[in-house]
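Undergrad:
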Amino acid sequence: MDYQRILEEIADEVKPLLKNGVVANYIPELAKIQQDKFGMYLLTLDQEPYAVGDYDEKFSIQSISKVFMLAMAVGKCKEKVYRRVDVEPSGDPFNSLVQLEYEEGIPRNPFINSGALVVTDMLISNLSDPRGEFLEYVNKLTGQDDIRYNEKVAASEKLLGFKNAAMVNLMKSYGNIHNDIEEVLDLYFDFCSIEMTCHELAKAFRVFANHGKGVIDSHRYLTKSQFKRIAAIMLTCGFYDEAGEFAFRVGLPGKSGVGGGIAAILPNEYSIVVWSPGLNRKGNSLAGMKALELFTTKTTSSIF
Ligand code: GLN
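Each residue of the sequence shown is one higher than the one before, starting from 889 at the first, in this note's numbering.
(1) Compute the distance between the beta-carbons of L1058 and G1003, then report whether it is under 9 Å.
(2) Near E1039, which residues of its chain fall below 6 Å by C-beta distance, leaving aside the five closest residues on each side in sequence?
(3) Would you check if there are 3 or more beta carbon pairs closer than 8 Å linking the region 1099-1110 to the region 1121-1138?
(4) What would DSSP say about Y970, mapped onto helix, strand or coil?
(5) According to DSSP, is M1084 helix, strand or coil?
(6) Please state if the CB of D1017 and the CB of I1042 are separated by a distance shorter than 9 Å.
(7) Just to check my reading of the structure: V1056 and V1072 have Cβ atoms closer than 8 Å, yes? What is that Cβ distance to the nearest angstrom?
(8) Which residues does DSSP list as the beta-bridge partners of V911?
(9) Can you look up Y1109 in the DSSP assignment and give me helix, strand or coil?
(10) Thinking W1163 and G1142 are a contact (beta carbons under 8 Å), I'd like their distance in whole angstroms, please.
(11) Following a CB-centred definition, is N1001 positioned closer than 8 Å to any heavy atom of the ligand GLN?
(12) Going by C-alpha to C-alpha distance, which of P977, T1008, Y1109 sits closest to E1133?
(13) What are the start and end residues of each continuous alpha helix (DSSP H) run of 4 or more residues lying completely inside the region 929-995, in chain order?
(14) My output table needs one value for R1169: the three-state DSSP class, helix, strand or coil.
(15) Tell me the rounded alpha-carbon separation between G930 and Q1114.
(16) Just verifying my parser: in three-state terms, what is the DSSP assignment at I1065?
(17) Cβ of F1192 within 8 Å of any heavy atom in the ligand GLN?
(18) Does DSSP classify L1140 as helix, strand or coil?
(19) Listed by chain order, which residues have C-beta atoms less than 6 Å from any heavy atom of the ligand GLN?
(20) Please state whether the Cβ-Cβ distance between D1010 and R972 is less than 9 Å.
(21) Beta carbon of A1053, beta carbon of I1160: below 9 Å?
(22) Suppose you measure from the CA of D924 to the CA of G1166; what does that come to, to the nearest Å?
(23) Which same chain residues end up closer than 6 Å to K1112 when comparing Cβ atoms and leaving out the 5 residues on each side of it in sequence?
(24) Which residue comes first and which comes last in the alpha helix (DSSP H) that contains I1012?
(25) What are the boundary residues of the alpha helix (DSSP H) that includes A1175?
(26) Report yes or no: do the region 1028-1039 and the region 979-997 share at least 3 C-beta pairs separated by less than 8 Å?
(27) For N1172 and G1145, what's the separation of their Cα atoms in angstroms?
Put into structure tokens, the structure is as follows:
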């Protein structure tokens, strides 16, 4: 398969879409990003890379970080994680509060904000230096040592993070947040502020495409069963109230972030990452979704 030619074709085909969509502006630092950026990186398990556009430019991974949070929490706390966060699609926006009240403080899944906030709380309870150890985990998964938080982005989100604060307070009232509210929020904003390139994210997600085992370091980050569950949650909940649409159009487990990134995997085959900052109404990269749809259609590769 001529993957390189396919990626170049896709970059051309989505070009007219780059001006559509809206860059996330509820985080003021993200609103400054140039809208017409586009990068794509494909990494196969046999280590062949294919890339196009701005694939080596750092961007804010935002909610893609929720996959790393969950993987680390499951590695530490095992199945206990799923007692405090459910695994059902929410069908609501990523920052919605409504279901928390009738679910008595148990978030619908770990990939909406409320769920990731509970996972952050678990990491605080189980690690001596959660901020440092999380970054170390992401670096190790990627095979690097220079991935960092962007403090300006975290501070900018904190300034206007009233809905996330409301969620933590509500969950605390039901006893599902065990640590200090400010500490949970600060750490969650830091986790979301990590900056990576398409290339770096593809390396990290290749570990998931390899069922949780490092391709380079052979380290077992997740058992096969832990991986299966995380991949299932990516497929059913990775795109909030557009998870069905993503499965329908693309057909891969994946995760998006409001920085405009999407990381997806075909287990046993490849990881693929796309970045285009213009978001659709559901908060997912508009051209990014189209690019991945074109990729799985042109290559007839999906989990189905
Ligand atoms: N940090 C963002 C928030 O909490 C993450 C949301 C996202 O990427 N969907 O709103």
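From the three backbone atoms N, C-alpha and C, an ideal C-beta is built for every residue, glycine too.
TA: A quick look at the data gives this:
(1) Along the sequence shown, read from residue 1 onward, the residue named residue 1058 stands at position 170. Along the sequence shown, read from residue 1 onward, the residue named residue 1003 stands at position 115. Not closer than 9 Å, so no.
(2) Position 151 of the sequence shown, counted from the first residue, corresponds to residue 1039. Here the set comprises nothing.
(3) no
(4) Sequence index remark: in the sequence shown, residue 970 carries index 82 (1-based). Y970 falls in the helix class under three-state DSSP.
(5) As a working note, residue 1084 is residue 196 in the sequence shown. Of the three classes helix, strand and coil, the one that applies to M1084 here is strand, per DSSP.
(6) Position 154 of the sequence shown, counted from the first residue, corresponds to residue 1042. Position 129 of the sequence shown, counted from the first residue, corresponds to residue 1017. Just to set this straight, residue 1042 is Ala in the shown sequence, not Ile. It is not a contact, given that the beta carbons lie outside the stated cut-off.
(7) Within the sequence shown, residue 1056 is the residue found at index 168, counting from 1. Within the sequence shown, residue 1072 is the residue found at index 184, counting from 1. Yes, they are in contact, since the Cβ atoms of V1056 and V1072 sit about 5 Å apart, within 8 Å.
(8) Stepping through the sequence shown from its first residue, residue 911 is reached at position 23. Per DSSP, none; premise fails for V911.
(9) Residue 1109 sits at position 221 when you count from the first residue of the sequence shown. Correct three-state label for Y1109: coil.
(10) As a working note, residue 1163 is residue 275 in the sequence shown. As a working note, residue 1142 is residue 254 in the sequence shown. Between G1142 and W1163 the Cβ distance is about 13 Å, and since that is not below 8 Å, they are no contact.
(11) Here the question's residue 1001 lines up with position 113 in the sequence shown. Yes, Cβ of N1001 sits closer than 8 Å to a heavy atom of the ligand GLN.
(12) Translated into positions along the sequence shown, residue 1133 becomes position 245. Comparing Cα positions, the closest option is P977.
(13) 953-965, 969-972, 986-990
(14) One-based indexing of the sequence shown puts residue 1169 at position 281. Three-state result, R1169: coil.
(15) Locating residue 930 in the sequence shown gives position 42, counting from the first residue. Locating residue 1114 in the sequence shown gives position 226, counting from the first residue. What sits at residue 930 in the sequence shown is Leu, not Gly. Whole-angstrom Cα-Cα distance: 24 Å.
(16) In the sequence shown, the residue the question calls residue 1065 occupies position 177. Here I1065 sits in coil by DSSP.
(17) The sequence position of residue 1192 within the sequence shown is 304, counting from 1. Every heavy atom of the ligand GLN is 8 Å or more from the Cβ of F1192, so no.
(18) By 1-based counting over the sequence shown, the position of residue 1140 is 252. Correct three-state label for L1140: coil.
(19) Q950, S951, F982, N983, N1001, E1045, N1052, C1080, G1145, V1146, G1171
(20) Taking the first residue of the sequence shown as 1, we reach residue 1010 at position 122. Taking the first residue of the sequence shown as 1, we reach residue 972 at position 84. In the sequence on display, residue 1010 carries Met and not Asp. Contact flag set, yes.
(21) Taking the sequence shown and counting its residues from 1, the one referred to as residue 1053 is at position 165. Taking the sequence shown and counting its residues from 1, the one referred to as residue 1160 is at position 272. No, Cβ-Cβ distance for A1053 and I1160 is not below 9 Å.
(22) For the purposes of this step, residue 924 is identified with residue 36 of the sequence shown, where counting begins at 1. For the purposes of this step, residue 1166 is identified with residue 278 of the sequence shown, where counting begins at 1. Each residue's alpha carbon lies about 8 Å from the other.
(23) The count along the sequence shown starts at 1 and reaches residue 1112 at position 224. Same-chain partners within the cutoff: H1099.
(24) The residue you call residue 1012 lines up with position 124 of the sequence shown. I1012 -> alpha helix (DSSP H) spans 1001-1014.
(25) Numbered from 1 along the sequence shown, position 287 holds the residue referred to as residue 1175. Where A1175 is concerned, the enclosing alpha helix (DSSP H) stretches over 1174-1186.
(26) no
(27) Locating residue 1172 in the sequence shown gives position 284, counting from the first residue. Locating residue 1145 in the sequence shown gives position 257, counting from the first residue. Rounded to the nearest angstrom, the two C-alpha atoms are 7 Å apart.
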